[in-house]
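Peer 1: The sequence shown begins at 1 in UniProt numbering and counts up by one.
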Amino acid sequence: MFGLNILAKVRKKNNLSFQLATWAAEYYEFCEQDSKMIFYESRDGKNMVDSPKAIFEYMMNHERYKEYTHVWSFDPAVDNWENIINFYQEQTNVLFVERNTQEYVKYLYESKFLITNATFQSFFIPRKDQVVINTWHGTPLKKMGFDIKDSNPAGPQNVIRNFLFSNYLISPNRHTTNMYLNSFKLDGLYQGEILEAGYPRIDLMHKTTLESEVKKLKELSLNVNLDKKTVLYCPTWKGKDVNNPTSELNQIISESKFLQSHIGSEYNLLVKVHPFIYDAAKEIDEFRGFLVPDSYDPNELMVAIDLLVTDYSSIFFDFMLTDKPILFYCWDKDLYENDRGLYISEDKLPGPVATTIFEIINYIKSIDRVQKEYRQNYEALKSEFLKYEDGNVTHRIISYIFDKHELNLGESIVSRNNKKKLLFYVGGMKNNGITSSLINLLKNIDYSEYDVTCFSGYPHSSESISNIHAIPDEARFLFKPGYAMLSNKEQKLVARYNEKPSEKNSSLLPWDGLKREASRIFSNQKFDVAIDFSGYSFFWSKYILAADSDKKLCYLHSDMLEDKNRTVNGVRIHEMNLLRLFYQYKNFDKLITVSPIMQEVNQAKLSKFVDKDKFTYALNTLDTEKLFSTSKELNEEINILESNTDLVNIRESIEIFKSPFDLESKSQIIKSTDLLRSVAQVKFADEIRYKILINNIFVGWTSSKDVNIRLPEIVSIENVDYFCYVKRNKRRILWKDLPTIEEARVVGKIWDYRYLIVKVTKEAYLSTDQVYVHIQIDSKDLGWIEKSVLNPINSNLMLRKMKNHLSNRNRLRTLNNRTLETVYEEGFARIIALPSNDPWKSALTKDYEKEDINIINGKILKYTMKIQNQNGWYYRLWDRNKFIGWVNEKNLLIIDGFHIVSTENILLKAQIISDYAFSSLEEQKTIEVTTKEVLLTEKCITTLGIYFKTNTDIFVEESKIKVIKSFGKVDLLGNFVLYPQQENFNIVTMGRLSPEKRQAELIEAFNRFVTSVDNARLYILGDGPLRQELIDQIKSLNIADKVFLMGHEKNPFQLLSEAQFFILTSEYEGQPMVLLEAMALGVPVGATNIPATQFVLQNGRLGILAQSNNVEGIENMLIKAYNEKVQPATFNAQEYNKNAIKMFYKQIEEV
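Listed below in structure tokens is the structure:
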């Protein structure tokens, strides 16, 4: 315990984010405010530029604002701050504070006014008497916020939070106003004002002279010839790793030099890179003379520019004020549109879009023609986006905010409305009944009457993200960011309650601190009703209770005491979470159960914690649109993968395609000195298409038929001696050898060594500009890893080592038996024997519990990987899609040559995309394909690959097949299962594979039933912790051809509608929606006899209720349904939904 306590203290002491949140909690409460102090932060403290600078300079230059003190946040790692601070050192009313210090937090709360062009960090929430002005940093061309489809919706969480707590959002045009209101979904919730009156930063263009800027450029030693015009190239940042921008910078350098070599006789060329990569760029000699310093304000620079070349940067909107030409160099537009998308179509832009630097050169050489051709677009966009830019924007904004004068140009836009504002905590958005009920409810809400905000933790899984995207666009999402803004004392009181929930500890909870934290999460917004829709966690419920709302509700989806005591694999998974929540029930205005029966059950069982008058009920709603959808279409997606791979040509000339799917190409000669690099790839027919650069200049796409992947070369290796911390990274490889030869060996994933402190003994510099380091732990060589995966340790080494050994002691114990090499290869093997024990604890032995060893002995099994440790080589074995285990090589016989491993019956409609197939697999005899559209009837897994047998009795390779329609799917046992056939008696059940759903009893009952009804089939839809247990049960009963575990179905209702009987066997339920869904589809239903099903089935009037809730009772239900040909109940889903949503409205409208 002593070690763990030290560990906790070390963790907190070394965590800056935690410390900032703690300081913020203290200053929020106790810092005295200066009504004449203004705090500025531009680009996260990187520089003094943009609209904050314009506002600052205006106030400094006007006498009536002389009483104000101005505080600038600065990042000391940025070189130019020293010059700026020295420039203002005589100004007693201008202060500078280092970002992320205690003094920085103090000034954040001491200042009355706060101005930023980006976002304040997640730890910060302003007090309600502070005034926040967010100027933002450009009119968007790239799609923003929730307009970026299929992305993680939590990406812009801190941006939305900042916008919501701002008193004023500055907008230069209606497009940007709509970005705030619609792209970030502020409309209806935002309590401040959007000042659509122009951009203060553009005023700088009116006030700056050409002479002053040319002088400044000369002083910066930039290559500017006054007899030439000047081109400015402004590429945005599009990379993935700001710590390793080398490839992107090499392309910018090469293309800039190439451009200069072709236009240099008439033009100067300047380059301004994105702030993310400026620090790396300034260290590169080849940039000298044309790299514009990051500290140079772009709006001042534009005055000296004659032609702008950019890609997706919003800078072009500002530049239109000059009436000078603009070219768009979008060499990666296919990737960008695939990944993000743009607001303005290419044909509406004020200049042409080029995809190669060669096209840019041609446009520059005919710039007069281009300018005439695009004049109409230019003027149209200029009048739309720059109509307020008269040079007096800063004056208008300051006069309005500080002097309370009216806007004489522009308007103040307020988005508040009279809708009732609802806040929902929605849970983790995993595939379960609560998530389904939430989505259904949000699809039925009347958004003309209600404004809906959903709240959750950061979603990490594709499952959660997919469910969030299923929620209607009218609802917005907020996510809990960063550390809680609680004082040390408040944190201890919450921790005490979490450890020992009781009435006494509940009374000590720091609700003032929790309300402050809720203000941070919900960005100072007020709601009419706050709802914990999940109802399973105090951690999240406390924020609903602390939210600024008139009413607080909590849903109880089940028999909550029963759920508290529910055991999964010997663990009461909800016990502590629900106990903590039970003591808080009294603080809610209402506890909403999902049926009158559940109201009675929970009233009786929870009387110790809360008065019965708190309980009420509202039925869950149905998603009728999804319920009656019959779509089973297969959507084929084209997936362009971004990569960064060196290539080598395999012939003298290669084919260049303009797009990845073009058939027409042009040949290009490749010299022996040319360097080829791919930045993206996509599968096209039987080849890979690479998006390539030659000598770091983009030229187009080429085919894998013309190029191979080129391995990097070692430039140098240096001996070093320092310690690092391994970051959390799931993708990077730990290499036994440097990855510079095809035979380079892999140790494994660096993930296995996450969080450990390692010693770095060598640094290897490769021709790709990558740096690999050789690492050790306790003098044991681990291998080579990319340096970017490590964080150097510069201080407190002994303290960090102690912490490291405490927190990772289990992994360090197994270091001697670590993986020495990993080989990713596929093959086949048979187990010939298994030992009684094995020195490697992960290896398979005779006491294998998952499966009868006799079943897999002698069987051909697939291996997908082999690893070496001190005990030899181990192979990772699979029986079809089931992982068997790791087996030592001495216990295996490796299979060579052609063998059929397994076959299975399937039914798919497909198209053959080859002219040849095989008439025989064993003999590999080819035959010409005469019929292209076929039915696939058998899947053959062989040691040489996967083949499909068709209804025309030929065999086709998997790669030569394009599936058009599936008549079934592969279930969790790995078998292809036909969707319900009408000649069978098809029984369906749906629900999480969990003990309380009692699928094991259903399978046992079905096994008895099917002995007399041979054509019966049982489809079990859902997934969960009992998956393997149920698989084993089905196999042991030898009924895998009649019982199918279908897993999670995105739209289960098509399959459900084809059933003859739906059955629910739960031990307890809240409101069994699946019964309602089945009845809505006209499927007869039956269920175990529990309070919730008694209510839904009206005590057996709408379906069968079991006489007993055991295996025999379930079997009798099946017999009755079959023998009596039970008919579906009459159920009107639309009418039910109307009543259900009325119940919900009643709960939120009643005081």
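Note that CB positions come from ideal geometry on N, CA and C, so glycine has one too.
(1) Are ILE471 and LEU442 touching if we call contact CB-CB under 7 Å?
(2) Nearest-angstrom Cα distance between GLY433 and GLY991?
(3) Could you give the residue range of the beta strand (DSSP E) that holds LYS112?
(4) Report the partner residues of GLU938 according to the DSSP bridge assignment.
(5) Is the stretch 127-143 touching the stretch 161-180, taking contact as three or more C-beta pairs under 8 Å?
(6) Measuring only the C-alpha atoms, how far is VAL568 from VAL963?
(7) To the nearest angstrom, how far is it from the Cα of TYR824 to the Cα of ARG732?
(8) Beta carbon of SER947, beta carbon of VAL988: below 7 Å?
(9) Between the stretch 1005-1021 and the stretch 1117-1134, are three or more C-beta pairs nearer than 8 Å?
(10) Return helix, strand or coil for GLY783, following the three-state DSSP convention.
(11) To the nearest angstrom, how far is it from the Cα of THR864 to the Cα of SER966?
(12) Rank GLY783, ASN881, THR645 and LEU189 by C-alpha distance to the C-alpha of THR768 and give the top, closest one.
(13) Looking at LEU423: is its Cβ nearer than 7 Å to the Cβ of ALA530?
(14) Let me confirm a value: SER507 is counted as buried when at least 16 other C-beta atoms fall within 10 Å, else exposed. Which label applies?
(15) So LEU1045 and LEU973 are in contact, right, with Cβ under 8 Å, and what is the actual spacing, rounded?
(16) Could you tell me which residues DSSP pairs with MET865 in its beta bridges?
(17) Spatial neighbours of SER537 within its chain, please: CB distance less than 6 Å, with the 5 preceding and 5 following residues excluded, ordered by chain position.
(18) Taking all protein chains shown into account, do 16 or more other C-beta atoms lie within 10 angstroms of the C-beta of GLU633, making it buried, or fewer, making it exposed?
(19) Whose C-beta lies closer than 8 Å to the C-beta of LEU210 among residues of the same chain, with five residues either side of it excluded?
(20) Output the distance between the C-alpha atoms of ILE521 and TYR755, rounded to the nearest integer angstrom.
(21) Looking only at C-alpha atoms, which of VAL648, ASN134, PHE698 and PHE955 sits nearest to PRO712?
(22) Heavy atom of the ligand PLP less than 6 Å from the Cβ of ASP563, yes or no?
(23) In this structure, what does DSSP give as the bridge partners for ALA764?
(24) Kindly list the residues whose CB is nearer than 6 Å to the CB of ALA475, restricted to its own chain and excluding five residues on each side of it in sequence; keep chain order.
(25) Confirm, please, whether the CB-CB distance from ALA1080 to PHE1131 is below 7 Å.
(26) I'd like the list of long-range same chain contacts for residue 1160, defined as Cβ closer than 6 Å, with 5 residues on each side in sequence excluded.
(27) Beta strand (DSSP E) containing PRO275: first to last residue?
(28) Do you know how far the Cα of PRO275 is from the Cα of ASP294?
(29) Rounded to whole angstroms, what is the Cα-Cα separation between SER151 and ASP311?
(30) Whole angstroms is fine: what's the gap from GLY145's alpha carbon to THR950's?
(31) Figure out for me which residue from SER716, SER659 and ILE694 has the closest Cα to the Cα of residue 1162.
(32) So, for LEU232: in the same chain, excluding its five sequence neighbours on each side, which residues have a beta-carbon less than 6 Å away from its beta-carbon?
(33) Would you call LYS365 buried or exposed, if buried means 16 or more other Cβ atoms sit within 10 Å of its Cβ?
(34) In chain order, which alpha helix (DSSP H) runs of at least 4 residues are fully inside the stretch 463-520?
(35) Would you mind stating whether ASP589 and LYS551 have Cβ atoms separated by less than 7 Å?
(36) Taking the runs of the beta strand (DSSP E) that are 3 residues or longer, which of them lie wholly in the stretch 343-415?
Peer 2: In terms of the structure at hand:
(1) Taking 7 Å as the Cβ cut-off, ILE471 and LEU442 qualify as a contacting pair.
(2) Answer to the nearest angstrom: the Cα atoms are 8 Å apart.
(3) Element bounds for LYS112: 111-116.
(4) According to DSSP, GLU938 bridges with ASN905 and LYS949.
(5) The stretch 127-143 vs the stretch 161-180: in contact.
(6) Going from the Cα of VAL568 to the Cα of VAL963 covers about 40 Å.
(7) The straight-line gap from Cα to Cα measures roughly 14 Å.
(8) Contrary to the premise, residue 947 reads as Tyr rather than Ser in this sequence. Contact flag unset, no.
(9) The stretch 1117-1134 and the stretch 1005-1021 touch, with three or more beta-carbon pairs separated by less than 8 Å.
(10) DSSP places GLY783 in strand when its eight states are reduced to three.
(11) Across the structure, THR864 and SER966 are spaced so that their CA atoms are roughly 27 Å apart.
(12) The shortest C-alpha separation from THR768 is found at THR645.
(13) Cβ atoms of LEU423 and ALA530: closer than 7 Å.
(14) SER507 should be labelled exposed.
(15) Taking C-beta atoms under 8 Å as the contact rule, LEU1045 and LEU973 qualify, at a distance of about 6 Å.
(16) DSSP output for MET865 lists ARG876 as bridge partner(s).
(17) Around SER537: ASN577.
(18) In this prediction, GLU633 has a pLDDT of 47, which is less than 50 and means its spatial position is unreliable; nothing more can be read from the coordinates.
(19) For LEU210, the CB contacts under 8 Å within the same chain, skipping 5 residues up- and downstream, are VAL303 and ALA304 in chain order.
(20) If you take the alpha carbons of ILE521 and TYR755, they lie about 29 Å apart.
(21) Distance from the Cα of PRO712 is smallest, within the candidate group VAL648, ASN134, PHE698 and PHE955, for VAL648.
(22) Annotation note on the ligand PLP: not contained in the displayed structure, which lists no ligands.
(23) Beta-bridge analysis with DSSP links ALA764 to ILE717 and TYR772.
(24) The answer, listed in chain order, is LEU442, VAL452 and CYS454.
(25) Yes.
(26) Absent from the model: residue 1160. The displayed extent of the chain is 1 to 1151, so no value can be given.
(27) No beta strand (DSSP E) holds PRO275; the alpha helix (DSSP H) holding it covers 275-281.
(28) Looking at the two C-alpha atoms, the distance is approximately 6 Å.
(29) If I take the Cα positions, the gap works out to 22 Å.
(30) Approximately 48 Å, taken between the alpha carbons.
(31) Residue 1162 lies beyond the residue range present for the chain, which begins at 1 and ends at 1151; the question has no answer from this structure.
(32) Take LEU232, set aside five residues on each side of it, and the residues of its chain with a beta-carbon closer than 6 Å to its own are LEU270, ILE305 and LEU308, in chain order.
(33) The residue in question, LYS365, is exposed, as its Cβ has fewer than 16 Cβ neighbours within 10 Å.
(34) Runs found: 488-499 and 503-507.
(35) Yes. Within cutoff.
(36) Counting only runs of 3 or more, we get 411-413.
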